[in-house]
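Notes for the one structure printed next.
Residue numbers (the numbering used here): 86 to 709.
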């Protein structure tokens, strides 16, 4: 479109995303870039201060290995992660992050993040690996450090990245547009760091209607990382390993503090503890059903079985937990004081991370210190940093990775010069916010090392390529403008589909055929094959997306990104003929764990030109 300015930016290292991993990369890469006369540029579709998974705040740092006190080791953490993922995890990758995360946490504290301490000055733990924090401004603190290291002139905010600039199998940079101004951007870079989050709203959310858009994981994470790495030709891993968190129903408030800090029980509607009453079910998932802690998906599964047997809803016994702690007080005065403290902590846990939960409690006249709260399994998410593992297949560290997992530079994808971290890298879950920051630091340093050692040339991009990408990017605006007068209702038009309706269609498809809330998280070969057929039709219709303005244009491309994440998921879950993660999904036609045939990574690649897919098995290998 003629009224759109084309802006071209050249840089040595291009950081895509503004979340925790990207901020870690910015701090580390900027340090080493300065020593080598290199330029680092960050691009974020939002504002870095409030971008990413912890944008609203967080009440705990969920990964802190604490090597100095001798209580834990890197191996302890690797074992914990691998058991929780039912044996499917990269030992080398998890270990590399675990050994670096302490530095990130100490940096947070240095930058001003309040971490709870006890009377002796030690950190207050929520569980074995978690630290309690006053995290209302967690992301702001981390972002400020990143901005100080990079310099604001090297940060482009409110710029949405559509995809990679490719020439054959070479990634030359990225292209996108401003969501505030009529500007189309071409970023040419000698190396690219990808960390644009995971994917939410691929599946129909449990909270619909009044709660539409509400998600435990940030609703603005739209699968841009997966789209970028897929479109760059990078090999992907664990695309079937989605995560389904159990949260306070309807407002998606997290339950971690109640389980770990308050030691609360979860029961069915009749007061039965499904974790106790269904313990024999864990025998069906050996050896992982007998490890401690019990994997998150199996805990989900036992609760789901209760619901399917008519014993729901499931409740968190919040009032009981608070009462038990307060009863330890020596007298009535101390009891009342403790109750007040616990009440404050209970509410604060949500006010600094999931405000909607506190609002729902207030709206329904619920006081957690007096009344149990309903919990339920949410819809599936794709996040490589939590209990999921989906993301790009990246190189491990030289000193830990077996030869098959190492190709020169840590966290580099199989596409040369493209690096990934946070939710963008796979097979290394449970890194959370602190681990994502640490992984960003690792990858940022590796990217600078790649630039110094390999010295790739600054890429050139033909004018014809730029104009083609620009036309494709802005097409939804042109489509809407051409056909908007055909109907009086903008959402209903035979000549285009608006992004909201496109998303509804995608979510319905994924819910019914790929095992969402509406199908009790259950799927099968025939359902998945039909789902892929319908997704192919949706992909065709994506060419007719229409956007009224820049905001809708962003929504159009976000949903295209979700669609590719959905395809990677369905193809991978179809390929793995077993049920390995009940509680995340259940294959009705292959209902059992099959370690003989499927204790492996399932990887995939998509040809960027033909969009043909290749499915691969990769061995699970120990650290060297």
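Note that the Cβ used here is the ideal one computed from N, Cα and C, for glycine as well.
Since the structure is predicted, the reported quantities are computational estimates derived from the model, not experimental observations.
Put residue i into one of helix, strand or coil per three-state DSSP.
i           : result
residue 686 : strand
residue 241 : strand
residue 374 : helix
residue 458 : strand
residue 339 : strand
residue 328 : strand
residue 117 : helix
residue 178 : helix
residue 702 : strand
residue 630 : strand
residue 258 : strand
residue 252 : strand
residue 363 : coil
residue 202 : strand
residue 210 : strand
residue 346 : coil
residue 466 : strand
residue 621 : helix
residue 216 : strand
residue 110 : helix
residue 665 : coil
residue 656 : helix
residue 709 : coil
residue 477 : strand
residue 441 : helix
residue 571 : helix
residue 314 : helix
residue 514 : coil
Return the chain-ordered list of same chain residues with a C-beta closer than 7 Å to the C-beta of residue i, the five sequence neighbours on each side being excluded.
i           : result
residue 664 : 671, 672, 675, 676, 677, 678
residue 140 : 224, 303
residue 695 : none
residue 168 : 373, 376, 380
residue 661 : 325, 683, 687
Taking residue i and residue j to be in contact with their CB atoms under 8 Å, please state how far apart those CB atoms are, rounded to whole angstroms.
i           : j           : result
residue 383 : residue 668 : 6 Å
residue 241 : residue 128 : 5 Å
residue 91  : residue 271 : 7 Å
residue 281 : residue 329 : Not confirmed; about 22 Å, so no contact.
residue 481 : residue 177 : 4 Å
residue 458 : residue 401 : 5 Å
Which residues in the same chain have their Cβ closer than 6 Å to the Cβ of residue i, if we skip the five residues on either side of it in sequence?
i           : result
residue 493 : none
residue 212 : 345
residue 519 : 146, 148, 186, 189, 190
residue 220 : 142, 143, 144, 437
residue 607 : 600, 671, 673
Might you give, ordered along the chain, the residues of its own chain that have their beta carbon closer than 8 Å to the beta carbon of residue i, omitting 5 neighbours on each side?
i           : result
residue 76  : Because the chain here runs from 86 to 709, residue 76 falls outside it and cannot be looked at.
residue 72  : Past the boundaries of the shown model lies residue 72; the chain is included only from 86 to 709, so the question cannot be answered.
residue 251 : 257, 316, 317, 318, 693
residue 194 : 200
Going by DSSP, what residue range makes up the beta strand (DSSP E) through residue i?
i           : result
residue 129 : 125 to 129
residue 401 : 399 to 401
residue 271 : 268 to 279
Classify residue i: buried if its beta carbon has 16 or more other beta carbons within 10 angstroms, exposed otherwise.
i           : result
residue 558 : buried
residue 421 : exposed
residue 320 : buried
residue 355 : exposed
residue 549 : exposed
residue 122 : exposed
residue 265 : exposed
residue 412 : exposed
residue 573 : exposed
residue 644 : buried
residue 582 : buried
residue 636 : exposed
Could you pull the start and end residues of the alpha helix (DSSP H) that residue i belongs to?
i           : result
residue 94  : That residue, residue 94, is in no alpha helix (DSSP H); its beta strand (DSSP E) goes 90 to 101.
residue 505 : No alpha helix (DSSP H) contains residue 505, which is instead part of the beta strand (DSSP E) from 503 to 505.
residue 435 : 417 to 436
residue 491 : Segment: none, residue 491 is in no alpha helix (DSSP H) and carries neither H nor E.
residue 236 : Unbroken run through residue 236: none, as it is neither H nor E.
residue 499 : Run containing residue 499: none; DSSP gives neither H nor E here.
residue 525 : 517 to 539
residue 583 : Looking at the DSSP string, residue 583 is not in any alpha helix (DSSP H), and its letter there is neither H nor E.
residue 160 : 159 to 169
residue 391 : 381 to 393
residue 552 : 548 to 568
residue 710 : Because the chain here runs from 86 to 709, residue 710 falls outside it and cannot be looked at.
residue 675 : Element bounds for residue 675: n/a, residue is neither H nor E.
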